[in-house]
Structures are given as structure tokens and as C-alpha cells.
């Protein structure tokens, strides 16, 4: 039998970033006007979300119409003192035609940052509204909204869909490949191996990262039509600079592309064709370490008194220190000002990070970013990234900068260092757990690095909290820049995990990835379900499959649908984000802007049931399911957003302000909604 969803956890008086949206009373679920209080730093609520110094902007606060509000104030610290700016109700002509009351005020930027929240005087006393929701006590400044003047933001990122490529395994160019040949050279005592395309990658202690399939840059360039078909418009390439291994994190020359994948000329061709196609390119580099065959390191070893010797650390035994003890990756020492000048100095027009931006790339991804510049008493990391940002943005204001960190990365994303981290912490880790897989780092503690186990899934409430605790620590303007991924070259592919993978939950996981504020990244081959294995990094680095008869069509249509929607709708670019339902089995998240909204339903319930969603809180008028019904478990397909012949169920808002959606067991889906304001 079916069941109607009820909420068994206790409603909190203080909100937590748009968490549970209603309380239960008198046997019925009742909406509270206070749960509709909302503000965000996008064009729905701020006249100019990216102001310059001395600009005057307007800021709006809205909530469902009520006679309980007397006055509304915007409260900010200005020149060290709390100021309360009175807000006025927008004209009666507008107010009488909407479901919301809208209060507005002006602010002129005479300081570089506006940190603020709202105070509402009601018939029941004062209410404080911050990014974390509604409070009855004075909140700390850490909960405030934040707008920075003159913030250099890459405006193309919120509407982008990235596609990550491990170059050696993606595609060979059609003619005249330049790849590594069998036994062409040895590295660290191991010979180069020329592999047959499509064969299984060797385990590390068999191939030593010397098993080359010889994908190259021209092969990537020849795939631009495929990228267009899929709907991605930005590429993220793992390292392409001169190196000896397949992963190329052992750089031997920061200023030249590896000749075996085409060299600098092939990169120039790729950049030109991508830009003509309206696409962007992000390159990956490690400035934490070089390879042991880098000329700097060779010179350092040959002459301890050389300039280059100062580029590296020595350990207590006098040996050169290496990243994680990997002897082929000597760590760079940013205590050397000469090293900084070569790599990151904003005043050096020829430094590494400026050089390739000038060459034409659009973005940088920095490997092991949280570890770069750290060794015991040396803690240069934040200074390094401030210098990198200054250097990169001086060449291209809309360049995108991300760093690698698997943990809480808020300290690096406050507007002065990275635009984003690889968002493992607030995207991949909570969503893969909800789908049934143990957390990656917890698994390493309990499984001795073997195949990742499953674990009891977190509740929908816990997933919501993990997403929000990350998002709400970032300045508002950086929300739209977060790099949201579900897979990469550093973790096994979820769909290759037989004990965790279930199509319905996987679909919900990917829907959520595309709904989160920021830009989603697809790891090559996930969109077609390519093979792989657990237990090692080699298992997620299989060759791309170009035989379409071997593709997983459900995966492909899911990703193509979501790419189309993401690229097409501003609500999925800078739309507000709000959790509408969070309980034991369900997390319902929304994005909305102007007259359009999307609602993603993550559902782990094993029963058929009807859930209630308080759509009135964000102005929902009517909705349709992006996916056909019944559930894909029964063989349904998805539509690409353009085929009117493939539309699923539809609905409207009931008289009590609720949307009612019936779900099959484990059904996860996406609703496209029209909004009335």
C-alpha cells in the first residue's frame, strides 16, 4: 500500500538555511508565513549583485503576505557600528498583485564589503533573518549575507557544464599519433608500455603509471562535436605539461606541453577551436611539487649551492623532501622568492600562472591546493593563493581558479584566493553517501584502502545539513562558482560499485549535482557508464568508449537532459537555493529565479508514497515532471527538454499551499515549475 509522508522529526524554532519548511499542528501540515522569509544576492533580490565601489544598489526581502509585520530593517556593521536601515513596502500596486510582500532599501558602497541580516518587528516580537534562517535571538555576524564590491567573478561559470578529461585515456587523433612507444624510455626503473586501446589499465605495481594508451590533444579537439551533442561547454584537462608518467603530475617543464600529446601547437589548436565553439578550457597543474626529472631538480641535485637548490626542501637526513614520501615528486619550497617569481609573482609577466592565461586558457585547477606551501613551520599556503589570484586576475578578470581539497575549504574561498575547491566536501561526499556508499575517507580508515564498502545511508536531513554547512560558509557571490563533481580521476566511479549502485538513487544523485549552486563537472565516460573497478586509482582511468552500441543509454539521456536544462535556464545559473523538505528518507531541494523554478527530489524510501512539498513558500504556480512516469525502474526514458511528446505528470498547488507528488519506491526525480510572484 502507498503511504502519505509525514515528518517525524521535531520542527526547530530557528531555521537552518532553509531547512524544514513547515510544522505539523492539529493533525494537519500547516504553512507558517515566517518560513517564507527569503533573501538572496541575485537579481531577484539585489538590483546589482556585483557592484563597484560607490555604487548604490537596492536590496529586497520578501515573505508571504501577513498582517503580523510592523517594520523591517536591514542591519549592517558600518564603520564598526551597527546600523539599521529602514526598509519600505514596495508600492501597493505591486503588492496587491502578488502572493508576497516585498520590502526594499538602498545602500551605497562606501566600504568594500556589506555584511548584513534583517530584523523584522512583528506582533509577536522581533525576528532576525540570516542566511541560516529565522532566529528569535540576536545572531552572530558569521551568519550574515555578504556582498563584496569590485569582486572579480568569472561570469561564464554559473551557466557552464564542465567535462573532465584524463588525456591519455580519452581519444587518439585520427591520423599520425605522436604517442609513447613500447620501451621508448625508462622512468624510475620502469619501461614505457604502449597499450592497446580499450584494454584494462594495469595496476600500479604492474604498470607503474607507465602504461600509455596515447590519447592526445588533437583527439580531444576532434571530439568537439561530441561535447556539443552532450551539452557541455567547458573542458577540464588533467595535466598536459611535459612529464614522464601517464598522469603527468610529475612535471618536467611547466612552460611546454608534453610533445607526445601534441605539444604547444596542439594546445593552441584546441584552444582556438574551443573558443570558436563558445567553449572554455581549464588546465590542471601542481605547483606543490615537480617531477624528479625536472631540470630545476636535476640542477639542485648536481649543485647544492645553486639557485634551484633553494626551490626544494631537504629533510632531516639531508635528502630532498617529497610529497607524501613519493620519491618521484620532490616538494617545492615557497620560502624561495626566486621560485615564487617564476611561478606566481603578480609582477612577473612571464610567471607560470600568467603565461598560460595569456596563451589562451580560461581557468586553472591547482592540484593538492590545501597542501601547497606547507611543511612544518612553513605555512605559506594562503599567501600563495592570494598571489596566484592577483596574478591570474590581472591577466583575465573572468578567469576561474579552483584548488583541490577534499575537506572543508571555506578558508580558501572568501573572495581573495580560490573561486572554488573541487567540491568533494559539499557535493560528492554527502550525495554518494546518500546513494549508499561509505564516505571515501571513512572507508580508508576502516577498509585498509581496499574496495570501498557500503554503509548505512544518512537521512535526508543529514544530507541537507552537510550541503548547507558548506555552502553557507562561503560569501554569497562565490556560491554560483562552486565546482560540483560526482567523480574524478582520484576516486572509483560510483556506477562501478556493484553493492552501492542502484539506478534510481544514482539518478537522484546526479540531479542534485546539477541543482546545487555552481557548475557541475562530468568525469569523462560517466555519461555512458564506461567500465572500471574498485580498489585503486587505475580502476577509474579506463579508456573512453567510442562504440555507441556499448553505451548505457539511461546514463547518456540523463546527463544530456540535465546538461540541456542547466545551460538553458537562468534559475540553474544564479537562482536561489532552498531546501523545502528534509526528513529520514527524503531531501527536496529547489532553485528558483524570476518566473521559473526547479525542484529535485532525493528519495530513499522503499515504499510507494505521496510527499507534500510547500511550493507556496517559493511561489510555485504549477509543475511538471522532467522525467516520464512511471519510474525508470520500469523502463521509462527521459526527454531532452525540447520534445513535447515526452512529458511526465503535471500538477498545481493545492489550496493549502502544498504540492503533492506520488513516488514509486526509491524514485528520484526533477520537477520544472512556473512561479507566480
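Numbering (UniProt numbering), first residue to last: 1 to 677.
Glycine is no exception: its CB is placed at the ideal position from the N, C-alpha and C atoms.
Quick one: what does DSSP say residue i is sitting in, helix, strand or coil?
i, result
"residue 293", "coil"
"residue 363", "strand"
"residue 388", "helix"
"residue 316", "coil"
"residue 625", "strand"
"residue 70", "strand"
"residue 190", "strand"
"residue 442", "helix"
"residue 597", "strand"
"residue 556", "helix"
"residue 60", "strand"
"residue 461", "helix"
"residue 182", "coil"
"residue 476", "helix"
"residue 125", "strand"
"residue 340", "helix"
"residue 30", "strand"
"residue 651", "strand"
"residue 433", "helix"
"residue 103", "strand"
"residue 739", "Since the first residue shown for the chain is 1 and the last is 677, residue 739 is missing from the structure and cannot be characterised."
"residue 748", "For the chain, the structure presents residues 1 to 677; residue 748 sits outside this window and is missing."
"residue 722", "Nothing can be reported for residue 722: it is not among the residues displayed for the chain, which extend from 1 to 677."
"residue 664", "coil"
"residue 265", "helix"
"residue 256", "strand"
"residue 611", "strand"
Report all residues from its chain with a CB closer than 6 Å to the CB of residue i; omit the five preceding and five following residues, and keep chain order.
i, result
"residue 147", "41 and 114"
"residue 353", "344, 388, 391 and 392"
"residue 275", "none"
Smallest Cα separation from residue i: which of the options?
i, options, result
"residue 423", "466, 246 and 665", "466"
"residue 359", "326, 77 and 266", "266"
"residue 522", "65, 103, 106 and 164", "164"
"residue 364", "67, 404 and 311", "404"
"residue 83", "74, 458 and 46", "74"
"residue 517", "539, 544, 489 and 477", "477"
"residue 337", "279, 109, 384 and 49", "384"
"residue 568", "506, 429, 158 and 309", "158"
"residue 212", "225, 243 and 547", "243"
"residue 175", "190, 222 and 181", "222"
Residue i: buried (16+ other C-beta within 10 angstroms of its C-beta) or exposed?
i, result
"residue 296", "buried"
"residue 126", "exposed"
"residue 215", "buried"
"residue 350", "exposed"
"residue 144", "buried"
"residue 667", "buried"
"residue 652", "exposed"
"residue 316", "exposed"
"residue 302", "exposed"
"residue 44", "buried"
"residue 111", "exposed"
"residue 326", "exposed"
"residue 197", "exposed"
"residue 79", "exposed"
"residue 612", "buried"
"residue 679", "The chain is shown from 1 up to 677; residue 679 falls before or after that span and cannot be answered."
Residues in the same chain with beta-carbon distance under 8 Å from residue i, minus the five sequence neighbours each way, listed in chain order, please.
i, result
"residue 141", "77 and 115"
"residue 555", "495, 526, 527, 528 and 529"
"residue 64", "31, 33, 36, 99, 100, 101, 616 and 617"
"residue 675", "592, 594, 595, 596, 597, 618, 619, 620 and 621"
"residue 415", "148, 151, 475, 477 and 478"
"residue 410", "470, 473 and 474"
Just to confirm my understanding: we take residue i, look at its own chain, exclude 5 residues before and 5 after, and list those with CB closer than 7 Å. What are they?
i, result
"residue 390", "346"
"residue 640", "Interpretation of residue 640 is limited by its pLDDT of 32, a score under 50 that renders its predicted location unreliable; no figure is taken from the coordinates."
"residue 25", "Reliability fails at residue 25, whose pLDDT of 35 lies under 50, so the model's placement of it is uncertain and the value that follows must be treated cautiously. Correct list: empty, nothing qualifies."
"residue 378", "335"
"residue 27", "Only weak support exists for where residue 27 lies, its pLDDT of 36 falling under 50; the value from the coordinates is given anyway. Excluding positions up to five away in sequence, the list is empty."
"residue 219", "170, 171, 172 and 173"
Does any heavy atom of the ligand NAP sit closer than 8 Å to the C-beta of residue i?
i, result
"residue 416", "This structure does not include the ligand NAP; it has no bound ligands of any sort."
Counting contacts by CB-CB distance shorter than 9 Å, is residue i in contact with chain B?
i, result
"residue 272", "No chain B appears in the structure shown, which is made up of a single protein chain."
Please go through the segment 134 to 170 and give each complete beta strand (DSSP E) segment of 3 or more residues, from N-terminal end onward. 145 to 148 and 162 to 165
Mind pulling the beta strand (DSSP E) runs of 3 or more residues that sit fully within the segment 480 to 512? The segment 480 to 512 contains these whole beta strand (DSSP E) runs: 483 to 485.
Only counting runs of 3 or more residues, tell me where the beta strand (DSSP E) segments fall wholly within the segment 511 to 588, in order along the chain. 519 to 523 and 576 to 582
Taking only runs that begin and end inside the segment 369 to 425, name each unbroken beta strand (DSSP E) of 3 or more residues, in chain order. 400 to 403
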